[in-house]
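Numbering (the numbering used here), first residue to last: 1051 to 1152. Here a beta-carbon is modelled for each residue, glycine too, at the ideal position from N, C-alpha and C.
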């Protein structure tokens, strides 16, 4: 499977606007199974806990720079993982969105 860094690169979502893609991805995330949600949350924890141990010892501008770096890395790594998990539920989410959209 291809790894996407942005939702507009996913072929099934190319025709939708940003707002529509976000709504569809929210529906797809709601369809994740419990093990998928657990794995996704464990990945989040693995990404967040080590930097906080490092950041706890910093002060001043180093603290601000480290927080910015952690946030940047968090979104760069987590977004593709979330899109990867949501891809298998996109067809159902798109049909549900189109059914509910006036």
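* Asked: How many angstroms separate the CA atom of residue 1099 from the CA atom of residue 1122?
  -> Position 49 of the chain shown, counted from the first residue, corresponds to residue 1099. Position 72 of the chain shown, counted from the first residue, corresponds to residue 1122. When rounded, the distance between both Cα atoms is 15 Å.
* To do: Return the residue from the list 1149, 1079, 1105 and 1132 that minimises the CA-CA distance to residue 1054.
  => Residue numbering aside, residue 1054 sits at position 4 when the chain shown is read from its first letter. With distances taken between Cα atoms, residue 1054 lies closest to 1132.
* For the alpha helix (DSSP H) holding residue 1158, just list the boundary residues, first then last. => A question about residue 1158 goes unanswered here, because the residues of the chain that appear run from 1051 up to 1152.
* **Simplified DSSP assignment, three categories, for residue 1035** => With the chain covering only 1051 through 1152, there is no way to say anything about residue 1035.
* **Pair within 8 Å by beta-carbon distance, residue 1081 and residue 1142** => The count along the chain shown starts at 1 and reaches residue 1081 at position 31. The count along the chain shown starts at 1 and reaches residue 1142 at position 92. A contact, by the Cβ cut-off of 8 Å.
* Asked: Is the CB-CB distance between residue 1084 and residue 1136 below 8 Å?
  -> Counting from one through the chain shown, the residue named residue 1084 turns up at place 34. Counting from one through the chain shown, the residue named residue 1136 turns up at place 86. Contact: no.
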